[in-house]
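Trainee:
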Amino acid sequence: MELNNSFKGTGEYVASEQLLSAVNVAITLQKPLLIKGEPGTGKTMLAEAVAKSLGKKLIIWNIKSTSKAQEGLYMYDTIQRLYDGQFGEEGVDDIARYIKLGKLGEAFESDEQVILLIDEIDKADLEFPNDLLWELDQMEFYIHETKRTVKAKHRPIVIITSNAEKELPDAFLRRCIFHYIDFPEADLMEEIVKVHLPDVEENLLKQAFEVFYDIRAMKDVRKKPSTSELIDWINVLQLGGIKAEEIRKKLPFVGVIVKKDEDLETVRQKMV
Amino acid sequence: MFTKFFYDLRDAGLKVTFAEFLTLQEALDKGLANNSVTDFYYLCRMILVKSETEYDKFDMVFENNFKGTHYEPEVGANMLKWLDKSEMDEFIAETERQWLNQMEDLQIDKDDVEEKFRARLKDQDSEHNGGSHWIGTMGKTSFGNTGGNIGGVRVGGKTGYQSAFAVIGAKKYRDFRDDRIIDNRQFMQALRKLRQFSTKLDIPKTELDIDATIDKTCNNGGMLQIVMEKPRKNSVKLLLLMDSGGTMIPYSSLMNELFQSINKSNHYKDVKVYYFHNCIYSKLYNTPECENGDWIDTEWMFRNLDSDYKVIIVGDAAMAPEELYSDSGNYRGPNGGLSGWDWLLLMKRHYKKIVWMNPKMAIGHAPWREAETAVKTLFPMYRLTVDGLNQAMTMLMTGK
Chain A
1 MELNNSFKGT GEYVASEQLL SAVNVAITLQ KPLLIKGEPG TGKTMLAEAV
51 AKSLGKKLII WNIKSTSKAQ EGLYMYDTIQ RLYDGQFGEE GVDDIARYIK
101 LGKLGEAFES DEQVILLIDE IDKADLEFPN DLLWELDQME FYIHETKRTV
151 KAKHRPIVII TSNAEKELPD AFLRRCIFHY IDFPEADLME EIVKVHLPDV
201 EENLLKQAFE VFYDIRAMKD VRKKPSTSEL IDWINVLQLG GIKAEEIRKK
251 LPFVGVIVKK DEDLETVRQK MV
Chain B
1001 MFTKFFYDLR DAGLKVTFAE FLTLQEALDK GLANNSVTDF YYLCRMILVK
1051 SETEYDKFDM VFENNFKGTH YEPEVGANML KWLDKSEMDE FIAETERQWL
1101 NQMEDLQIDK DDVEEKFRAR LKDQDSEHNG GSHWIGTMGK TSFGNTGGNI
1151 GGVRVGGKTG YQSAFAVIGA KKYRDFRDDR IIDNRQFMQA LRKLRQFSTK
1201 LDIPKTELDI DATIDKTCNN GGMLQIVMEK PRKNSVKLLL LMDSGGTMIP
1251 YSSLMNELFQ SINKSNHYKD VKVYYFHNCI YSKLYNTPEC ENGDWIDTEW
1301 MFRNLDSDYK VIIVGDAAMA PEELYSDSGN YRGPNGGLSG WDWLLLMKRH
1351 YKKIVWMNPK MAIGHAPWRE AETAVKTLFP MYRLTVDGLN QAMTMLMTGK
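Sequence order for the protein chains is A and B.
So the first sequence is numbered by our numbering: it starts at 1 and just counts up by one.
So the second sequence is numbered by our numbering: it starts at 1001 and just counts up by one.
#1: Check whether the Cβ atoms of Glu135 of chain A and Leu188 of chain A sit closer than 8 Å, and answer yes or no.
#2: Take Asp1056 of chain B as the anchor and find which of B:Leu1024, B:Leu1009, B:Val1037, B:Glu1026 has the nearest alpha-carbon.
#3: So Glu140 of chain A is in the beta strand (DSSP E); what residue range does that whole segment cover?
#4: If you draw a straight line from the C-alpha of Ala1212 of chain B to the C-alpha of Pro1231 of chain B, how long is it?
#5: Determine the direct distance from the alpha carbon of Asp1215 of chain B to that of Gln86 of chain A, and round the result to whole angstroms.
#6: Using beta carbons (cut-off 8 Å, strictly below), is Lys259 of chain A in contact with chain B?
#7: With a 10 Å radius around its C-beta and 16 neighbouring C-beta atoms as the bar for buried, classify Gly1337 of chain B as buried or exposed.
#8: Would you call the CB atoms of Ser162 of chain A and Lys270 of chain A closer than 8 Å?
#9: Does the beta carbon of Lys36 of chain A come closer than 8 Å to any beta carbon on chain B?
#10: Taking buried to mean at least 16 other C-beta atoms within 10 Å of its own C-beta, is Ala217 of chain A buried or exposed?
#11: Out of B:Tyr1251, B:Leu1396, B:Thr1298, B:Ser1253, which one is the CA nearest neighbour of Val1273 of chain B?
#12: For Tyr76 of chain A and Ala171 of chain A, I'd like the C-alpha separation in whole angstroms.
#13: Per DSSP, which one or two residues make a beta bridge with Asn62 of chain A?
#14: Below 8 Å on the Cβ atoms is my contact criterion, and I expect Trp1300 of chain B with Asn1286 of chain B to pass it. Report the Cβ-Cβ distance as a whole number of Å.
#15: So, with DSSP's three-state summary, where would you put Ala15 of chain A?
#16: Identify the contact partners of Phe178 of chain A in chain B, using a Cβ-Cβ distance below 7 Å as the criterion.
#17: Skipping 5 residues on each side, what residues in its chain have a beta carbon closer than 8 Å to that of Lys1269 of chain B?
#18: How is the beta strand (DSSP E) around Asn1358 of chain B delimited, first residue to last?
#19: What residues match up with Glu1229 of chain B in a beta bridge as DSSP calls it?
#20: Which one of A:Phe141, A:Asp84, A:Tyr13 has the shortest CA to CA distance from Glu71 of chain A?
#21: Put Thr1217 of chain B into one of helix, strand or coil per three-state DSSP.
#22: Specify whether the region 56 to 71 of chain A and the region 115 to 126 of chain A touch according to this definition: at least 3 beta carbon pairs, one from each stretch, less than 8 Å apart.
#23: For Val254 of chain A, does the three-state DSSP call read helix, strand or coil?
#24: Using CA coordinates, which residue listed in A:Ser53, A:Ile215, A:Arg81 is at the minimum distance from Ser6 of chain A?
#25: Just by C-beta distance, which residues in the region 1022 to 1044 of chain B are closer than 8 Å to chain A?
#26: Which same chain residues end up closer than 7 Å to Ile1047 of chain B when comparing Cβ atoms and leaving out the 5 residues on each side of it in sequence?
#27: Under the three-state reduction of DSSP, which class applies to Ser104 of chain A: helix, strand or coil?
#28: For the region 1342 to 1357 of chain B and the region 1301 to 1309 of chain B, state whether three or more C-beta atom pairs, one from each stretch, are separated by less than 8 Å.
#29: Could you tell me if His179 of chain A is buried or exposed, where buried requires 16 or more neighbouring beta carbons within 10 angstroms of its beta carbon?
#30: Does any C-beta atom of chain A lie closer than 8 Å to the C-beta of Thr1298 of chain B?
#31: Just to make sure I have the definition right: I need the residues of chain B whose C-beta is within less than 8 Å of the C-beta of Val211 of chain A. Which are they?
#32: Return the chain-ordered list of same chain residues with a C-beta closer than 6 Å to the C-beta of Arg1332 of chain B, the five sequence neighbours on each side being excluded.
#33: Of all the alpha helix (DSSP H) runs that stay within the bounds of the region 1280 to 1352 of chain B, which reach a length of 4 or more residues?
#34: According to DSSP, what are the bridge partners of Gly37 of chain A?
#35: Hey, would you say Met1381 of chain B sits closer than 8 Å to Met1361 of chain B, going by beta carbons?
#36: Would the beta-carbon of Leu197 of chain A be found less than 7 Å away from any heavy atom of the ligand NAD?
Next up, the structure:
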């Protein structure tokens, strides 16, 4: 593998070996990398870390439930054209002036290779991924209004995240490299927390971890606390000057990691 | 390379395609497996498997294909050359000796079997693809008694990695398997498959097409020119019939989840829900309590809910034969002159698409469950799991 374009993790992002190799395989094979995992396992942060580590620009396309594939390619600003038409502005007959490239188009037109993050692709309509197959495969699309083909100058590194809210179409999946981010084990978690909170006290960390993993292990807790919530919680515990031995007894600020009322009740009952 | 592995994966029900398999070959060509079984395992998994629900199946196939491949931190340039290592020859020789000793004990014609054994060993020398597999399964052939020896996998250097077989051994992905009974969100996902946008249907153009209008107007020198289009709406109508009988009580929370998800899925044109007790007869109940009087006529339903409704019947189809076949088999309410079987036949005749979801369907052919087997001949029946519901939804949409 060429060393100048391989991802080794960054100071702020701790990734498992498997994740690192998935990123590098995707880069080498020039295929989109699909990242799935529980919320709060750092799927979005991965793209930032990759961009930083490779020293490339990151373009983020946030997907919403109303997103259409077309928006990522280009938009034809017909309203603006109408306005200009009414007032006899110059150049109204030049449609190209009213074509605005979307995030994907931007990534294609960029003069250097960029990282394109398609964030939470599962939020969009079920057909959304299928509508992008050709574009992601061939790295080009066609603007009907101006009869122009936009072709990637440098094939972007595409990272796609999914929260598994919907299943993605098979045709789309076939083209991706897939990685499922496991919930981090305690060792890796410790590394992750220390990256974010470098001077956390050992004992506090240990106690908080125990409580955290106990809560995650409870079968009747509906929403399991995530990595990012754990980091927030430890930060609050630290700032609040909580003593390590009080954590299990009093469950201070436990609302940071347990957010549903019924879950809070379960946790309190089982811990006390 | 590894064609057997490919077909084994497909046999195990993984939807691995040829294109993905080629991608794997390309990755191997580019040296992405780093001559390590563990890297190879993760590489195969990330390219061939696209859902964590299938990791478990994949693990099993991988284990069957490659277990017994035993490796060290500094293997040679080509992973497959392991087979030539002297260690392996020694191992084979030992196996042979052991086996021959055993055969002697059993006083079997040694020459004959020895010849077969040698032939087999020769085969192995010439076998390129999946050579590792060959050794791996040796434990299972008639040349056996080596099985126990080769199970252990030595893990090489490569800190940070879990050994492939350690991962498989831990079975940590079992919880994700598709055939587990499902929860609310997954139900909703499956139900979303039931969509049929009606732009193609013959309905009036009632929506203003803003983009086209503006475009036309601009081309028209600013003189307004309106363009209309057909609305894009889901035209699927759903009829849900749920068994609320005694044998269904253990599944009440599951039924509740399904009901909730259908209720929350507000993208259908219409949803109707009725309840029945064990089998469908002349009345359908409005509530799961199935109280006499609080019901509609099944015939009324046929008249008012047309044949385009997609029907999901949920029930365990567990009933006594007379409940299904006798015209006085309904011990809880009226039969309406027909047996439950006849009512089901009427259902089948009236509605174009019907599926039956069964939370405790027997796997495979189960003739001892008489009613279930009979109902299966009428309606496609699926287990009430993620897999089952997905298949059922596909059936409702496409008819296959």
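Ideal placement from N, C-alpha and C gives every residue a C-beta, glycine not left out.
These numbers come from a predicted model, not from an experiment.
Mentor: Put simply:
#1: no
#2: B:Leu1009
#3: 140 to 143
#4: 15 Å
#5: 13 Å
#6: no
#7: exposed
#8: no
#9: yes
#10: exposed
#11: B:Thr1298
#12: 28 Å
#13: A:Asp119
#14: Rounded, the Cβ-Cβ distance is 12 Å, inconsistent with contact.
#15: coil
#16: Met1046, Val1049, Lys1050
#17: Lys1233, Asn1234, Ser1235, Val1236, Lys1237
#18: 1353 to 1358
#19: B:Glu1207
#20: A:Phe141
#21: helix
#22: yes
#23: helix
#24: A:Ser53
#25: Thr1023, Glu1026, Ala1027, Lys1030, Gly1031, Leu1032, Asp1039, Tyr1042, Leu1043
#26: Glu1020, Thr1023, Leu1024, Ala1027
#27: Here residue 104 of chain A is Leu; the residue named in the question, Ser, does not match the sequence. In the structure shown, Leu104 of chain A sits in a helix (DSSP, three-state: H, G or I).
#28: yes
#29: buried
#30: no
#31: Those do not exist, as Val211 of chain A stays about 22 Å from chain B at its closest Cβ, beyond 8 Å.
#32: His1277
#33: 1298 to 1304, 1321 to 1325, 1340 to 1350
#34: A:Ile181
#35: yes
#36: Among the components of this structure there are no ligands whatsoever, and the ligand NAD is therefore not found.
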